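Okay, so here's the structure we're looking at.
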Amino acid sequence: MNLLSSSFSATAVPGYNAQQVRAREQARRWLEQDVLVLDTEATGLGEDAQLIEVAVMTLSGRVLLDTLVRPSIAVPREATLIHGLTDAHLSQAPAFPEVFAQLWPLLQGRTVLGYGMAFDYRLLAHNAGLHGQALPPELERETPPVQLVDGTRLHCLMQLYAQFWQEPSLDSRSQDGWRRKSLATAARQQGVAVQETHRALPDCRLKAALVRALADEAPATWHGVQALAG
């Protein structure tokens, strides 16, 4: 289902189609509500990956949580090459149950943004299960957003950005026909400075900056860039 499908009626804006206008309005609503931003780092991308870092902040910049997490498995070298975290960095960090006890009360009942939220959601659910815990059951899923029975709403900024940028995708797995972009690429496309990436808190801040850029008066689109280049 389309992330932007709703009863909201977008007002036409020159240069943007209705889907793009709805994306901008969604970004503005998130800013007005000062929703939460989540980022995770892990031992890998697979189904059995373990959480090794998590951060939560508000879109306005208030940091609520920023912590390393000690996994029960070694961090593979290929993962370290991405985020720079090693077993030595994590040896004194709290284990998942202690972190989860801080994390979920922050997220509970709130709107939460991730970039690739499907991965974050799967990662948290898997790690909770490893320790005999569980996330609240799903009330509704639109792949994402996901709404849980405790009122928590998990939204994917990557999906929203793809539907705003609107670069056609040849990947048959793309449900809406738009190509997904990495967080750093999306930020650069909108003129946001990119410094440190693939650490939880810097990535939270980059996501917040991207939301602000989308809510601005004239965010860039793929078609607009192509027209200028042509």
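Position 197 of the sequence shown, counted from 1, bears residue number 197 in UniProt numbering, the numbering being contiguous throughout.
Think of the CB as a built atom: it goes at the ideal place given N, C-alpha and C, for glycine as much as any other residue.
A quick note: this is a predicted structure, and the numbers were derived from the prediction, not measured.
Query: So, do the stretch 20-34 and the stretch 184-193 have three or more beta carbon pairs nearer to each other than 8 Å?; Result: no
Query: Quick one: give me the first and last residue of the beta strand (DSSP E) that H155 is part of.; Result: 153-156
Query: Rounded to whole angstroms, what is the Cα-Cα separation between A213 and P219?; Result: 6 Å
Query: Alpha carbon to alpha carbon, how far is R122 from L135?; Result: 10 Å
Query: I need the DSSP call for S6, collapsed to helix, strand or coil.; Result: In this prediction, S6 scores a pLDDT of 35, lower than 50, which makes its location untrustworthy; no coordinate-derived value is stated.
Query: Around the Cβ of L3, are there at least 16 other Cβ atoms within 10 angstroms (buried) or fewer (exposed)?; Result: Because the pLDDT at L3 is just 44, under 50, the model does not fix this residue reliably, and the value given afterwards should be weighed accordingly. So L3 counts as buried.
Query: Would you grab the beta carbon distance between A200 and D87 for me? Rounded to a whole angstrom, and I think it's under 8 Å.; Result: Their Cβ separation, rounded to whole angstroms, is 18 Å, which puts A200 and D87 out of contact at 8 Å.
Query: So, helix, strand or coil for E140, using DSSP?; Result: strand
Query: Which value, in whole angstroms, describes the spacing of the CA atoms of L85 and V75?; Result: 8 Å
Query: Of all the beta strand (DSSP E) runs that stay within the bounds of the stretch 80-121, which reach a length of 3 or more residues?; Result: 111-114
Query: Quick check on the burial criterion: 16 or more other C-beta atoms within 10 angstroms. Buried or exposed for L210?; Result: buried
Query: Specify whether the stretch 155-168 and the stretch 110-124 touch according to this definition: at least 3 beta carbon pairs, one from each stretch, less than 8 Å apart.; Result: yes
Query: One question on the structure: do R153 and T111 come within less than 7 Å of each other, judged by their Cβ atoms?; Result: yes
Query: Taking just the CA atoms, how far does A227 sit from R205?; Result: 30 Å
Query: Start and end of the alpha helix (DSSP H) containing L183?; Result: 183-189
Query: Counting only runs of 3+ residues fully inside the stretch 12-88, write out the beta strand (DSSP E) ranges in chain order.; Result: 36-42, 51-58, 63-68
Query: Could you compute how far the alpha carbon of G151 sits from the alpha carbon of V194?; Result: 33 Å
Query: Since I believe R70 is in contact with A42 (beta carbons under 8 Å), could you give me their beta-carbon distance rounded to a whole number of angstroms?; Result: Contact flag wrong, Cβ pair sits at about 13 Å.
Query: Give the range of the beta strand (DSSP E) segment to which V146 is assigned.; Result: 146-148
Query: With L65 and L106 assumed to form a contact (beta carbons below 8 Å), what rounded beta-carbon distance in angstroms separates them?; Result: 6 Å
Query: For W222 and E98, I'd like the C-alpha separation in whole angstroms.; Result: 43 Å
Query: Can you tell me the Cα-Cα spacing of A215 and Q19, whole angstroms?; Result: 14 Å
Query: Using CA atoms only, rank isn't needed, just tell me which of Q102, L45, I73 is closest to T67.; Result: Q102
Query: Can you tell me whether Q108 is buried or exposed, with buried defined as 16 or more other CB within 10 angstroms of its CB?; Result: exposed
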